[in-house]
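Protein chains in written order, with this note's numbering: chain W, 155 to 349; chain Z, 81 to 189. Virtual Cβ for every residue (Gly too), placed ideally from N, Cα, C. Worksheet: the structure to be examined is printed underneath.
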């Protein structure tokens, strides 16, 4: 259940959680080092050296998360497209046809979302498991500063909102149109042609 | 990725599962536990733990939940799922068989 819930979190939330998780680790190591008698400078440098390349870790985590989300989305898209087309074509009444179209549109929006997701996750990053490089430490101090979400992440958030709102709006509008047409039809006088 | 790295990557997953078999832990605790148990002999790059944790979570072997650490800070705690326990049993048995097999090779003259 936790896993399914995670896939429905907004990208900005996932990003914040990842940032909190990594920062927590680095700061805990700094605190332990300070308790062990190091100066703040030494404690920070040691913590960053032990952690490795922060940006590479961040990217690798995003890759893993994105892959899982895209995998789930693909299964849902397939289901939505099949269900949408079936209901649309087989549905005998107008309401069912609208439902079919709505399901199909939801599938298309979700597909768009996965495209953006794939383009957001840049090239694959390998995180070395063995600890070595000291030279990384100095360059990484700046990467610890929290980053604001990229424009692509914002597009993702907008797409998720569209996924939630658009189908609902479409159903409401279509239902209104159908009931208006029905009222119009009912108010028409029945003309009997006398032979 | 070099072959030695691949071997270590798989081993890291197993070590994480083993650490979490003791209960709910956050990433830093997992690293601390590995260092304590091995008397700092086995030093993994600490950051490499996180992609592994996320991967194991997505495979359904561990679950994650946000909570408060000992020093009252918001931290992400991981715990083994039932599938994770099964996976740990499989990996432990594979590991034991492998070390026996490698041991036999190394004892030859």
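Residue i - DSSP class collapsed to helix/strand/coil
i, result
"residue 142 of chain Z", "strand"
"residue 299 of chain W", "At residue 299 of chain W the pLDDT is 41, less than 50, meaning the model places this residue with poor confidence and gives no usable figure here."
"residue 261 of chain W", "helix"
"residue 81 of chain Z", "Confidence is the limiting factor: at residue 81 of chain Z the pLDDT is only 45, short of 50, which leaves the residue's position unreliable, though a coordinate-based value still follows. Coil, per DSSP."
"residue 103 of chain Z", "coil"
"residue 289 of chain W", "Confidence at residue 289 of chain W is low in this model, with a pLDDT of 45, below 50, so its placement is unreliable and the value that follows should be read with caution. Three-state DSSP puts residue 289 of chain W in coil, outside helix and strand."
"residue 148 of chain Z", "strand"
"residue 123 of chain Z", "coil"
"residue 112 of chain Z", "helix"
"residue 135 of chain Z", "helix"
"residue 153 of chain Z", "coil"
"residue 340 of chain W", "helix"
Test item: CB-CB of residue i and residue j under 8 Å
i, j, result
"residue 189 of chain Z", "residue 206 of chain W", "no"
"residue 106 of chain Z", "residue 149 of chain Z", "yes"
"residue 215 of chain W", "residue 158 of chain Z", "no"
"residue 176 of chain W", "residue 212 of chain W", "yes"
"residue 227 of chain W", "residue 263 of chain W", "no"
"residue 96 of chain Z", "residue 110 of chain Z", "yes"
"residue 259 of chain W", "residue 320 of chain W", "yes"
"residue 236 of chain W", "residue 108 of chain Z", "no"
"residue 256 of chain W", "residue 325 of chain W", "yes"
"residue 248 of chain W", "residue 332 of chain W", "yes"
Classification of residue i by the beta-carbon crowding that lies within 10 angstroms, buried from 16 upward
i, result
"residue 269 of chain W", "exposed"
"residue 187 of chain W", "buried"
"residue 225 of chain W", "exposed"
"residue 203 of chain W", "buried"
"residue 267 of chain W", "buried"
"residue 261 of chain W", "buried"
"residue 186 of chain Z", "exposed"
"residue 146 of chain Z", "exposed"
"residue 138 of chain Z", "buried"
"residue 232 of chain W", "exposed"
"residue 133 of chain Z", "buried"
"residue 183 of chain Z", "exposed"
"residue 368 of chain W", "With chain W represented from 155 up to 349, any question about residue 368 of chain W goes unanswered, as that position is not in the structure."
"residue 253 of chain W", "buried"
"residue 219 of chain W", "buried"
"residue 182 of chain W", "buried"
"residue 156 of chain Z", "buried"
"residue 99 of chain Z", "buried"
Within chain B, the residues that residue i reaches when beta carbons sit closer than 8 Å
i, result
"residue 135 of chain Z", "Among the protein chains in the structure shown, which are W and Z, there is no chain B."
Scan the stretch 196-216 of chain W for residues whose Cβ lies nearer than 8 Å to a Cβ of chain Z and list them as they occur along the chain. Residues are counted here when their Cβ sits less than 8 Å from a Cβ of chain Z; for the stretch 196-216 of chain W these are 204, 205, 206, 207, 208, 210, 211, 214, 215, given in chain order.
What are the residues in the stretch 140-161 of chain Z lying within 8 Å of chain W by C-beta distance? For the stretch 140-161 of chain Z, the set of residues with a beta-carbon nearer than 8 Å to any beta-carbon of chain W comprises 140, 143, 144, 145, 146, 149, 151, 153, 154, 155, 156, in chain order.
Could you pull out every unbroken beta strand (DSSP E) segment of at least 3 residues lying fully inside the stretch 191-245 of chain W, listed in chain order? none
Beta carbons nearer than 9 Å to chain Z: which residues of the stretch 170-189 of chain W have them? Taking 9 Å as the cut-off between beta carbons, the residues of the stretch 170-189 of chain W near chain Z are 171, 172, 174, 175, 176, 178, 179, 180, 181, 182, 183, 185, 186, in sequence order.
Contact residues within the stretch 92-109 of chain Z, judged by C-beta distance below 8 Å to chain W: Taking 8 Å as the upper bound on Cβ-Cβ separation, chain W lies near residues 92, 106, 107, 108 of the stretch 92-109 of chain Z.
Chain W contacts from the stretch 113-131 of chain Z (Cβ-Cβ distance under 7 Å): 123, 124, 125, 126, 127, 128, 130, 131
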